[in-house]
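Mapping of the sequence shown onto this note's numbering: position 114 corresponds to residue 171, and the numbering continues sequentially without gaps. Glycine residues also receive a C-beta, built at the ideal position from the N, C-alpha and C atoms. Since this is a predicted model, take the numbers as computed values, not measurements.
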Amino acid sequence: MIKIYLSPSCSSCRKVKDWFERQKIPFEEINILRHHLSEEELKDMLKKSLDGTDDIISKRSKVIKEQNVDVDSMSIHELYDFVKKNPTVLKRPIIVDDSKIQVGYNQDEIEIFERAKAVARQACEDCPLKDDCDHTN
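As structure tokens, then:
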């Protein structure tokens, strides 16, 4: 299942949600301001990223600047605690599936998730409700 980590006031987040809904690709919406990211979720993001914290943490955020924080020198547990207390340091949206991560909204790059649409359709083929399913239309 695709997870989209977002905040409600983020315009890029709304674009990503809209794109997934138009493509009829199922996803789980996770509001980073209400849902505390687990340490496992953070590790998963970092594992899938190419540039580690640079990909998912906004080092230009107000909190990081004011507190003079160096996230690159933190242990994973320290980073987790910091993000848990300051979720707005996460870049948004963060889109994660079983094998990849994308940060932000980029029309060309988001299309890598279209494969999920085919997977959803295939899962619906044996479903008794398939005639009413949004994934098969």
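Neighbour-count burial assignment, residue i, 16 or more Cβ in a 10 Å radius
{"i": "R149", "result": "buried"}
{"i": "L63", "result": "buried"}
{"i": "M102", "result": "buried"}
{"i": "S169", "result": "The sequence as given places Ile at residue 169; Ser does not occur at that position. Counting Cβ neighbours within 10 Å, I169 comes out exposed, since fewer than 16 surround it."}
{"i": "L94", "result": "buried"}
{"i": "L99", "result": "buried"}
{"i": "I133", "result": "exposed"}
Nearest residue (CA-CA) to residue i, options the options
{"i": "I152", "options": "F139, K142, Y137, E171", "result": "E171"}
{"i": "Q124", "options": "I167, F139, K105, I59", "result": "F139"}
{"i": "N163", "options": "M58, P65, D75", "result": "D75"}
{"i": "I89", "options": "I167, P144, E166, K157", "result": "P144"}
{"i": "E97", "options": "V146, V160, L136, I169", "result": "L136"}
{"i": "I113", "options": "P83, M131, V126, G161", "result": "G161"}
{"i": "D155", "options": "K104, L94, S95", "result": "K104"}
{"i": "L147", "options": "E166, G109, S130", "result": "G109"}
Start and end residues, alpha helix (DSSP H) containing residue i
{"i": "K116", "result": "Element bounds for K116: n/a, residue is neither H nor E."}
{"i": "K142", "result": "133-142"}
{"i": "S156", "result": "Unbroken run through S156: none, as it is neither H nor E."}
{"i": "S68", "result": "68-79"}
Helix, strand or coil at residue i according to DSSP, with G and I counted as helix
{"i": "I169", "result": "helix"}
{"i": "Q124", "result": "helix"}
{"i": "Q164", "result": "helix"}
{"i": "K60", "result": "strand"}
{"i": "L107", "result": "coil"}
{"i": "L99", "result": "helix"}
Start and end residues, beta strand (DSSP E) containing residue i
{"i": "V153", "result": "151-153"}
{"i": "I87", "result": "84-88"}
Minimum Cβ-Cβ distance from residue i to chain D less than 8 Å
{"i": "R71", "result": "Here there is only one protein chain, and chain D is not present."}
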